[in-house]
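Novice: Per the working numbering, numbering of the sequence shown is gapless, rising by one per residue and ending at 1188.
We treat Cβ as the ideally placed atom computed from N, Cα and C, and that holds for glycine.
Given the structure is predicted, the values throughout are model-derived calculations rather than measurements.
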Amino acid sequence: MNKLSERMSLLREERDIGQKELAAFLCCSTGTISNYENGVHEPCLDNAVKIAQFYQVSLDYLLGNTELRAMRDSSCPEISKGYSFSRFLNLLDDLLPEERRRLADYLLTLELAHKALKQ
């Protein structure tokens, strides 16, 4: 298996969808999707782009060139130097439930402090 086939399988399993749904989106057979996921064949560039769009990940992520899933958006502002909203969202996606709860508590504290400063 190559990175592309691994990522395709992982993304489909994470979203709990069947190969049939992706096949319908690409207008191909489930056998073609199976071949992609098992590394027997690789999709053409057009289909690789469509697959990335289907899963809402960057083509670089799908191909294994980066661990950041979000599509890069040149209009996406930075939170701080080198730290974009898309990168932040990717990190959020990878947090464990307890880590998300702690982060939510921290953000609530920041929000309350911000509101207090505005008054």
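1) Restricting to Cα atoms, I'd like to know which of Ala1092, Cys1096 and Asp1129 is closest to Glu1106.
2) The alpha helix (DSSP H) that contains Thr1178, what's its start and end?
3) For Asp1129, tell me which candidate among Leu1186, Leu1165 and Leu1073 has the shortest Cα-Cα distance.
4) Within 10 angstroms of its Cβ, does Leu1131 collect 16 or more other Cβ (buried), or is it exposed?
5) DSSP on Glu1136, reduced to helix/strand/coil?
6) If you follow the alpha helix (DSSP H) that Met1070 is in, where does it begin and where does it stop?
7) Looking at the unbroken alpha helix (DSSP H) that takes in Asp1115, where does it start and where does it end?
8) Excluding five sequence neighbours on each side, which residues of the same chain lie with their C-beta closer than 6 Å to the C-beta of Leu1080?
9) Kindly indicate which residue of His1110, Gln1188, His1183 and Val1118 has the alpha-carbon position closest to the one of Leu1095.
10) For Arg1076, count neighbouring C-beta atoms within 10 Å of its own C-beta (all shown protein chains included) and say buried if the count is 16 or more, exposed if not.
Specialist: Taking the structure as given:
1) Nearest in C-alpha terms to Glu1106, of all of Ala1092, Cys1096 and Asp1129, is Ala1092.
2) That run of the alpha helix (DSSP H) goes Pro1166 to Lys1187.
3) Closest by alpha carbon: Leu1073.
4) Its Cβ being crowded by 16 or more others within 10 Å, Leu1131 is buried.
5) DSSP places Glu1136 in coil when its eight states are reduced to three.
6) According to the DSSP assignment, Met1070 belongs to no alpha helix (DSSP H), since it is labelled neither H nor E.
7) Leu1114 to Tyr1124 is the extent of the alpha helix (DSSP H) around Asp1115.
8) The answer, listed in chain order, is Tyr1124.
9) Comparing alpha carbon positions, the residue from His1110, Gln1188, His1183 and Val1118 closest to Leu1095 is Val1118.
10) So Arg1076 ends up on the buried side.
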